[in-house]
Amino acid sequence: MLRVHDVDVFIQASHILRKISLEAAAGELVCLVGRNGAGKTTTLRTVMGYLRPAAGTITLAGMPIAGLPTHTIAARGVGYAPEESAVFGDLTVAENIELATWTRPGGRPAAERIARAYEIFPRLRGAAARGGTQLSGGERKMLSIARALALDPTLLLLDEPFEGLSPAIIPQLTEAIAAIAGLGPGILLAESNIHHVPRYATRLYVIERGEIVFAGRPDELRGRPDLARIVGAGL
Amino acid sequence: MIVRALGLIAGAALVLLPLAGVPYTTTLLLPAFGYAVALLGLNLLFGSTGLLSFGHALFIALGGYTAAALTGRFGVRSLELVLLAAALVAALVAVPIGLLCVRYVKIYFGMLTLAFGMLFYSFLYKFYALTGGDEGMRVLRPMLLGRPLEHLDTVAYLTGPFYYYALGVLVVAALVMRRLVGSPFGLSLRSIRENAAKAESLGIGVRRCRLAAFVVAAVFGAIGGVLLVVPTGLADPLLAYWTHSGNLVFMLLLGGFDHFLGPVLGALVFILLQDSVMSLTSYWRFVFGAILAVIVIFFPRGLMGLLDARRAAAS
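Note that the protein sequences, when read in sequence, are chains A and B. If you're matching positions, the first sequence starts at 1 in the numbering used here and goes up one per residue. If you're matching positions, the second sequence starts at 1001 in the numbering used here and goes up one per residue.
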């Protein structure tokens, strides 16, 4: 579904991504793991159209999307939950979720998308009338993902969804992401801590200084102690 | 609750005012209705979308001159047709201007809109043969709902049928705007105001939405402009002058731009306040400047914000 091939990205004069290649298929949870500053967020932002690759191709369901405006990429079915949650504080939780239902016509009806978002994150249902600024950090993360889900995406990009969350919330969020994966969309999840990579991840990429240094199944990483310092100890 | 009760009382007072036999006050409110309609549009642009126009008077003038041209030169006397034509002309003019302006935000957007407003002012001022130059163009009394009402003198026409017509247009405009603000489009505008880049990631075409808000604001501005020029019977270049745009921003701040009815309240209070202060002192601009400073410093949410704060304190 998503295919990133030999992508180079520059930010001003800095060469941030170097020949990045990765893939994510429907129903698959793919994790992109690397240290802070390795290029995870840049990769996701490039797929999302915030950054234009200098070289390489990005295709979604076989159609090139590199260079398209962000809103067009979203309308084609790419949901994005950025690291900083991106909740609109001026809107209520219900409005935040509703917002994503009209920009991508076709597919499931809006009511079904909203119901599905609340089903995955039941905690948000009780907070539907609250403003975005009145949410805890965990709730904001949930809302950010729920809203991306309300877009009815075929591919979901999650940027460090566990970052800064209380350990008590992380299992809930992990279960929610598993439930989303079960619904069919492919998920590309960027994470700096290997211990946060869900067990059900089907594929793993390790990124270091803008280059993919490992691609394979998560269990294959155990045979690569040289990557321990990149993805965290205790492999 | 308090705000709703006050709103109902104010609404009833507006409906009953012509019956109270105070024609001066009644005619005084007519421009407030026109401004209120224009401000509902301007607030979609500023309050909802976060784009502050310093040239919105351009569209008020466009509405005014459309009314003048249609009634005076083309013999179109139906106010419904005039309003429709003004809305269409404003939309047509707003699209190319908006396409340029919405590429920018903040002060750049404000300055560009100011520049277009002044360009239009210069056009109205200099193209004498077409626009009447500094003398402007006469606006003939239009028919209301197909009724010529020629048996009424001007005061009776303005304080009777036209008053209710203008009030009706304001109510319809408010209902349409209410619907628009609460729609997914309105939600999108608010998300754009908060963070345009994040809004894009939800599939919201930021420029397209900003342009749509600009065009809607222009249409409301032109409709307000028509309502403004009928009572005076004149469309003159000062309608497009930058101080007029400044007054619109003042009214918006006075009423409160983060409340739906703030623009309506701002227009009403501005007109009444202007009349009172002008009758007291010739330094009324000085007084208005001081009032604006006090609002910005102490009541940034305007009069509606003050009412909201009282409501919150009461509850």
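Ideal Cβ positions, reconstructed from N, Cα and C, are used throughout, including at glycine. Just so it is clear, the structure is predicted and the values come from calculations on it, not from any experiment.
| query | result |
| --- | --- |
| Go ahead and label B/Gly1034 buried or exposed: buried means 16 or more other beta carbons lie within 10 angstroms of its beta carbon, across all protein chains shown. | buried |
| For A/Val87 and A/Gly132, I'd like the C-alpha separation in whole angstroms. | 6 Å |
| Quick check: the Cα distance between B/Leu1211 and B/Leu1052, rounded to an integer number of angstroms? | 13 Å |
| Cα separation between B/Gly1256 and A/Thr57? | 49 Å |
| Classify B/Glu1200 as helix, strand or coil using the three-state DSSP reduction. | helix |
| Using beta-carbon positions only, say whether A/Leu17 and A/Gly210 come within less than 9 Å of one another. | yes |
| Please list the partners that B/Pro1300 has in chain A, where partner means a Cβ-to-Cβ separation under 9 Å. | Ordered by position in chain A, no residue passes the 9 Å Cβ test against B/Pro1300, which lies about 15 Å from the chain. |
| Along the segment 89-107 of chain A, where does the CB come closer than 9 Å to a CB of chain C? Name the residues. | Note that chain C does not occur in the displayed structure, where the protein chains are A and B. |
| Does the segment 1039-1056 of chain B come into contact with the segment 1172-1189 of chain B, if we say contact requires no fewer than three beta-carbon pairs (one atom in each stretch) closer than 8 Å? | yes |
| Use the C-beta contact count for B/Ser1245: other C-beta atoms within 10 angstroms, 16 or more gives buried, fewer gives exposed. | buried |
| If you pair each beta-carbon of the segment 1070-1089 of chain B with each one of the segment 1022-1033 of chain B, do three or more pairs fall below 8 Å? | no |
| Are the C-beta of B/Ala1213 and some C-beta of chain A separated by less than 9 Å? | no |
| Compute the beta-carbon to beta-carbon distance between B/Tyr1039 and B/Gly1266, rounded to the nearest angstrom, for a pair I have assumed lies under 8 Å. | Sequence check: residue 1039 of chain B is Leu here, not Tyr. At roughly 6 Å, the Cβ-Cβ gap stays under 8 Å, so B/Leu1039 and B/Gly1266 are in contact. |
| Please compile the residues from chain B whose C-beta is within a distance smaller than 8 Å of the C-beta of A/Ala86. | Asn1195, Lys1198 and Ser1201 |
| Distance cutoff 9 Å, beta carbons only. Does A/Pro82 sit that close to anything in chain B? | yes |
| What distance in whole Å lies between the Cβ atoms of A/Ile114 and A/Leu158, which are believed to be in contact at a cut-off of 8 Å? | The Cβ separation is near 20 Å, so there is no contact. |
| Buried or exposed: where does A/Met63 fall if 16 or more other Cβ atoms within 10 Å of its Cβ makes it buried? | exposed |
| Contact between the segment 32-44 of chain A and the segment 69-76 of chain A is defined here as three or more beta-carbon pairs at a separation below 8 Å; is this criterion met? | no |
| Report the CB separation of B/Gly1262 from B/Phe1059 in whole angstroms; it is logged as a contact under 8 Å. | Not quite, the Cβ-Cβ distance comes to about 20 Å (not below 8 Å), so this is no contact. |
| Rounding to the nearest angstrom, what Cα-Cα distance links B/Ala1235 and B/Thr1071 in this structure? | 12 Å |
| Please look up how many angstroms separate the CB atoms of B/Ala1090 and B/Ala1240, rounded, as I've assumed it's under 8 Å. | The Cβ separation is near 13 Å, so there is no contact. |
| Would you call the segment 136-145 of chain A and the segment 165-182 of chain A touching, i.e. three or more CB-CB distances under 8 Å? | yes |
| Are the CB atoms of A/Leu151 and A/Gly79 within a distance shorter than 9 Å? | yes |
| Ends of the alpha helix (DSSP H) at B/Arg1301? | Counting along the chain, B/Arg1301 falls outside any alpha helix (DSSP H), and DSSP gives it neither H nor E. |
| Output needed for B/Val1294: all residues of its chain with C-beta closer than 8 Å, excluding positions within five of it in sequence on either side, in chain order. | none |
| For the beta strand (DSSP E) containing A/Asp8, list its first residue and its last residue. | Leu2 to Ile11 |
| Is the beta carbon of A/Ala81 less than 9 Å from the beta carbon of A/Ser144? | yes |
| Looking at the strands, I want to know which residues DSSP matches up with A/His15. | A/Phe10 |
| Listing by chain order, which chain B residues have their CB less than 9 Å from the CB of A/Tyr50? | Ala1197, Glu1200 and Ser1201 |
| In the DSSP assignment, what are the bridge partners of A/Tyr80? | A/Leu157 |
| What residue range does the alpha helix (DSSP H) around A/Glu139 cover? | Gly137 to Ala150 |
| Distance cutoff 9 Å, beta carbons only. Does A/Ala148 sit that close to anything in chain B? | yes |
| CB B/Ala1166 to CB B/Phe1120, shorter than 9 Å? | no |
| DSSP three-state label for B/Ala1235, please. | strand |
| Who does A/Met63 pair with in a DSSP beta bridge? | A/Leu60 |
| If you draw a straight line from the C-alpha of A/Pro171 to the C-alpha of A/Ala201, how long is it? | 15 Å |
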